[in-house]
Amino acid sequence: MNMAYIAKGFGVDAEVVESPGQLGAALARARRATVEGRPYLIDAQIARVGVAWADKPWIPPISIARERTRKV
């Protein structure tokens with residue numbers, strides 16, 4: 008899931024960082040934005056390894072269908 012795209016949809020500057028080498032420049036851009044009073048999101052992609060990690064990021068199951076009281 009690309010959280011940067013979601014943030015941009017709300018008018019928030021954002022970017023995806025996929026390697027440690029990209030992080031410094033991303034933090035500098037985020038700092039400039041926050042100094043100007045604007046929010047900034049860094050979607051830092053990390054390695055998912057080990058027993059607790061799946062091959063895909065965890066996204067909570069959300070279903071409003073179960074909450075409906077009226078059939079639509």
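The working numbering runs 7 ahead of the 1-based position in the sequence shown.
Every residue gets a Cβ at the ideal spot worked out from N, C-alpha and C, and that includes glycine.
The structure presented is a predicted model; accordingly, all values stated were derived computationally and were not measured.
- Message: Can you check which of these residues, Asp20, Arg38 and Gln52, is closest to Pro27 by C-alpha distance?
- Response: Gln52
- Among the residues of its own chain, which have a CB less than 6 angstroms from the CB of Ala21, if the five just before and after it don't count? Ala11, Ala14, Lys15 and Leu48
- Can you give me the start and stop residues for the beta strand (DSSP E) that Ile49 sits inside? Tyr47 to Ala51
- Message: Using the three-state DSSP reduction, which class does Glu25 fall into: helix, strand or coil?
- Response: coil
- Item | Euclidean distance between Cα positions of Ala32 and Val42 | 15 angstroms
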